[in-house]
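Below: one structure, written as structure tokens.
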Amino acid sequence: MKNANIETRETLLELYKEFKGDDILAATMKEPEKKKTDRLNAAHYSTGRVSASFTSTAMAPETTHEAAAIDDDMVRYRYVKKKGYVRLHTNQGDINLELHCDMTPKTCENFIKLCKKK
1 MKNANIETRE TLLELYKEFK GDDILAATMK EPEKKKTDRL NAAHYSTGRV
51 SASFTSTAMA PETTHEAAAI DDDMVRYRYV KKKGYVRLHT NQGDINLELH
101 CDMTPKTCEN FIKLCKKK
């Protein structure tokens, strides 16, 4: 469970305290990792936790705004400016393919990953 509201976390914590040593409950009690925001992956909008905690009683109160983190894929694809090349080895000979990574970076990445699989 990556995202759980405060009530769910408190209920799981209470269950964990009652049934100590349960491996399954211990695995669910791990805190989700917060993405560190830096100048490359910081969004121009906030996470919205302050307004959500103000309007919802189920969330813990937040008083500081923090910039949302952009997905690593979006940050990585922003800097792809060149074409990619793949050489397929077949029994009839080699086929050289030119991939337009500058226009469709995610598609090219998926294609290259599939080519690397055996």
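Just so it is clear: in the sequence shown, position 30 is 30 by my numbering, and no numbers are missing. By construction, the Cβ of each residue, glycine as well, lies at the ideal position given by its N, Cα and C atoms.
For residue j and residue i, the rounded distance between their alpha carbons
i, j, result
"Ala67", "Thr55", "19 Å"
"Leu12", "Ile6", "10 Å"
"Val50", "Leu40", "23 Å"
"Asn110", "Thr90", "20 Å"
"Lys116", "Arg78", "23 Å"
"Thr47", "Lys34", "12 Å"
"Tyr16", "Asn3", "18 Å"
For residue i, the nearest candidate out of the options (CA to CA)
i, options, result
"His65", "Glu109, Ala42 and Lys17", "Ala42"
"Val75", "Pro105, Glu10, Leu114 and Thr8", "Pro105"
"Lys36", "Ala52, Arg78 and Asp72", "Asp72"
"Ala69", "Tyr77, Tyr45 and Pro61", "Tyr45"
"Lys82", "Glu62, Ala60 and Cys108", "Cys108"
Simplified DSSP assignment, three categories, for residue i
i, result
"Leu13", "helix"
"Glu7", "helix"
"Glu98", "strand"
"Thr64", "coil"
"Ala58", "coil"
"Thr107", "helix"
"Val80", "coil"
"Leu114", "helix"
Sub-9 Å separation of residue i and residue j beta-carbons
i, j, result
"Asp94", "Val80", "no"
Decide yes or no for the touch test of the stretch 45-60 against the stretch 84-98: beta carbon pairs closer than 8 Å, at least 3 of them. no
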